[in-house]
Amino acid sequence: MRDKNELQQVTNCALCADMCKYSCPTYLAAGNETISPQKIARLIVYEDKGLVEDRRGFSDVMFQSCMCGACKRHCIYSDYDLRKFIQMGRSIAFREDLLPDETKKRVETFMKYGNPQGERQLIQKGSGTVGYFVSCSAYKDEELLKAMDRILSASKEKVQQFGGAEICCGAPLYYAGDIDGFKKIAKKLKREIEARGLDKVITMCPNCLKMMRELYPQIGVKLNVQLAHTSEFLASLLDEGKIKVKKVKGTATYHDPCILANDMDITAPPRQILTALGYKIKEPVYTREHTHCCGAPPGARLGFSKLADQVKSMRLGELRETGADVYVSSCPSCKVVLSDLAVKDLAELISEQIVHGK
Numbered sequence: 323m324r325d326k327n328e329l330q331q332v333t334n335c336a337l338c339a340d341m342c343k344y345s346c347p348t349y350l351a352a353g354n355e356t357i358s359p360q361k362i363a364r365l366i367v368y369e370d371k372g373l374v375e376d377r378r379g380f381s382d383v384m385f386q387s388c389m390c391g392a393c394k395r396h397c398i399y400s401d402y403d404l405r406k407f408i409q410m411g412r413s414i415a416f417r418e419d420l421l422p423d424e425t426k427k428r429v430e431t432f433m434k435y436g437n438p439q440g441e442r443q444l445i446q447k448g449s450g451t452v453g454y455f456v457s458c459s460a461y462k463d464e465e466l467l468k469a470m471d472r473i474l475s476a477s478k479e480k481v482q483q484f485g486g487a488e489i490c491c492g493a494p495l496y497y498a499g500d501i502d503g504f505k506k507i508a509k510k511l512k513r514e515i516e517a518r519g520l521d522k523v524i525t526m527c528p529n530c531l532k533m534m535r536e537l538y539p540q541i542g543v544k545l546n547v548q549l550a551h552t553s554e555f556l557a558s559l560l561d562e563g564k565i566k567v568k569k570v571k572g573t574a575t576y577h578d579p580c581i582l583a584n585d586m587d588i589t590a591p592p593r594q595i596l597t598a599l600g601y602k603i604k605e606p607v608y609t610r611e612h613t614h615c616c617g618a619p620p621g622a623r624l625g626f627s628k629l630a631d632q633v634k635s636m637r638l639g640e641l642r643e644t645g646a647d648v649y650v651s652s653c654p655s656c657k658v659v660l661s662d663l664a665v666k667d668l669a670e671l672i673s674e675q676i677v678h679g680k
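In case it helps, the working numbering puts the sequence shown at residues 323 to 680.
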């Protein structure tokens, strides 16, 4: 670790009381001290000093973090994010060809098809300087795609929808530790945006938003467009009266996607939407900035299915406790992972309740 300040930061973390572990989904779900934030930091320090002989063991631990930002949110150091150092560890694992099997498969698929899903058709429709980037996580969700179509049609907004084929934000490569590959994909997406003449891009995937807004600038890729999450866009359509909805009576529990809440600080617009739709919101115990990750699809941010399932089961239990009529989120991945609760996206609720939509 060349930067002495960085070494001091992660050393402080390694010597901390480790109280942030009580907000860490992987630690709480698995009860494994080795993957608590402080212990991960210690392992990173040991690796930096050349004391780690078990290369596979080190790499495996690096992929047992949700990368959700809970430890950062509850850290006593205001300018510290353990995930930065975990990413360094993942980059080491990538270079040494020590990726977990499920993560490795995603990377291999990406290298072959330019996305983590395989062969896809291009989505390109609509016009205007506002772009709706259809994320990989939303691409195969027909109900979600139809919901956005109906909302955009009813709003009369001019929006270009684009995605599919080899268009991706590069998040799968980033979380796998392939920073060179990530930078290449970031530049490609920048070209895709510029070719469409866009001045604003909205996306449904919190990870896509994080990549474009926070991480692209760190690797020297600047998008000269306004960036927004669909929950912000949809809330503005309702607030400005561009779409009309019929109100319902019922209760709703909203699951805050971890990246959206912890990194993007977007927690109010989804609740504004639910209120506008007529729902009484029943909050889970862990909500807003205290939300717990859903676990994400195996191989995405977590490298192991068993751990991802443990995190998912814990979150499902927390949400079930509210006994709400409907469970809602604003992340396509969360919707899939939490499907046991028949979670719906905010866009789907709006589409169901929209007035005069097609």
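Note that CB positions come from ideal geometry on N, CA and C, so glycine has one too. Here the structure is a predicted model, which means the values were calculated and not measured.
Can residue i and residue j be called in contact, C-beta distance under 8 Å?
{"i": "Cys388", "j": "Pro359", "result": "no"}
{"i": "Gln483", "j": "Ile445", "result": "yes"}
{"i": "Cys530", "j": "Cys580", "result": "no"}
{"i": "Gly499", "j": "Ser457", "result": "no"}
{"i": "Ser553", "j": "Leu663", "result": "no"}
{"i": "Ser413", "j": "Ile501", "result": "yes"}
{"i": "Glu670", "j": "Glu465", "result": "yes"}
{"i": "Leu488", "j": "Gly436", "result": "The sequence as given places Glu at residue 488; Leu does not occur at that position. Cβ distance < 8 Å, so Glu488 and Gly436 count as in contact."}
{"i": "Arg364", "j": "Ala336", "result": "yes"}
{"i": "Val452", "j": "Lys480", "result": "yes"}
{"i": "Val650", "j": "Gly617", "result": "no"}
{"i": "Asp585", "j": "Lys532", "result": "yes"}
{"i": "Leu467", "j": "Ala460", "result": "yes"}
{"i": "Tyr576", "j": "Pro592", "result": "yes"}
{"i": "Ser652", "j": "Leu560", "result": "no"}
{"i": "Lys522", "j": "Val543", "result": "no"}
{"i": "Pro606", "j": "Leu641", "result": "yes"}
{"i": "Tyr601", "j": "Gly572", "result": "yes"}
{"i": "Tyr399", "j": "Asn334", "result": "yes"}
{"i": "Leu549", "j": "Met534", "result": "yes"}
Looking at the strands, I want to know which residues DSSP matches up with residue i.
{"i": "Phe484", "result": "Gln446 and Phe455"}
{"i": "Gly572", "result": "Tyr601"}
{"i": "Thr525", "result": "Phe455 and His551"}
{"i": "Val567", "result": "Ile676"}
{"i": "Ile650", "result": "Residue identity differs from the one stated: residue 650 is Val in this sequence, not Ile. DSSP lists Tyr576 and Lys666 as partners of Val650."}
With DSSP run on the structure shown, which of helix, strand or coil describes residue i?
{"i": "Lys680", "result": "Note that Lys680 has pLDDT 44, beneath the 50 cutoff, so the model's placement of it is unreliable and the number below is only indicative. In the structure shown, Lys680 sits in coil (DSSP, three-state: anything other than H, G, I, E or B)."}
{"i": "Asp382", "result": "helix"}
{"i": "Lys661", "result": "Residue identity differs from the one stated: residue 661 is Ser in this sequence, not Lys. Helix at Ser661."}
{"i": "Lys509", "result": "helix"}
{"i": "Arg518", "result": "coil"}
{"i": "His612", "result": "helix"}
{"i": "Gly436", "result": "coil"}
{"i": "Ile588", "result": "coil"}
{"i": "Arg393", "result": "Before going further, note that residue 393 is Cys rather than Arg in the sequence given. Here Cys393 sits in helix by DSSP."}
{"i": "Asn546", "result": "coil"}
{"i": "Glu418", "result": "coil"}
{"i": "Tyr399", "result": "coil"}
{"i": "Glu328", "result": "helix"}
{"i": "Glu369", "result": "helix"}
{"i": "Arg623", "result": "coil"}
{"i": "Gly639", "result": "helix"}
{"i": "Ser358", "result": "coil"}
{"i": "Cys338", "result": "coil"}
{"i": "Ser387", "result": "coil"}
Given 7 Å as the limit, tell me if residue i has its C-beta closer than that to any heavy atom belonging to the ligand HEM.
{"i": "Met586", "result": "In the structure shown, the ligand HEM is absent, as is every other ligand, since no ligand is present at all."}
If residue i sits next to residue j, beta carbons under 8 Å apart, how far is it from one beta carbon to the other, in whole angstroms?
{"i": "Arg442", "j": "Gly621", "result": "Not a contact, Cβ separation roughly 18 Å."}
{"i": "Gln386", "j": "Phe626", "result": "7 Å"}
{"i": "Pro654", "j": "Asp463", "result": "6 Å"}
{"i": "Asp647", "j": "Ala590", "result": "Asp647 to Ala590, Cβ: 22 Å. No contact."}
{"i": "Asp382", "j": "Pro422", "result": "7 Å"}
{"i": "Met384", "j": "Ala415", "result": "6 Å"}
{"i": "His551", "j": "Ile588", "result": "5 Å"}
Do you know offhand how far residue i's Cα is from residue j's?
{"i": "Arg623", "j": "Glu424", "result": "10 Å"}
{"i": "Glu611", "j": "Lys566", "result": "30 Å"}
{"i": "Leu683", "j": "Val367", "result": "Residue 683 lies beyond the range of the chain shown here (323 to 680); nothing can be said about it."}
{"i": "Glu643", "j": "Leu520", "result": "43 Å"}
{"i": "Lys634", "j": "Leu350", "result": "11 Å"}
{"i": "Lys343", "j": "Leu545", "result": "35 Å"}
{"i": "Ile362", "j": "Gly503", "result": "25 Å"}
{"i": "Leu495", "j": "Met410", "result": "13 Å"}
{"i": "Pro347", "j": "Cys615", "result": "6 Å"}
{"i": "His396", "j": "Cys390", "result": "12 Å"}
{"i": "Glu328", "j": "Leu474", "result": "46 Å"}
{"i": "Gly679", "j": "Asp401", "result": "Model confidence at Gly679 stands at a pLDDT of 45, short of 50, so the residue's coordinates are unreliable; what they give is reported in the following sentence. Roughly 47 Å between the two C-alpha positions."}
{"i": "Pro438", "j": "Asp370", "result": "31 Å"}
{"i": "Gln594", "j": "Lys506", "result": "37 Å"}
{"i": "Thr356", "j": "Lys564", "result": "51 Å"}
{"i": "Val677", "j": "Lys569", "result": "10 Å"}
{"i": "Asp403", "j": "Val332", "result": "9 Å"}
{"i": "Val665", "j": "Cys656", "result": "8 Å"}
{"i": "Lys510", "j": "Pro528", "result": "19 Å"}
{"i": "Gly450", "j": "Tyr497", "result": "32 Å"}
{"i": "Lys687", "j": "Thr597", "result": "Residue 687 lies beyond the residue range present for the chain, which begins at 323 and ends at 680; the question has no answer from this structure."}
{"i": "Ala557", "j": "Asp325", "result": "43 Å"}
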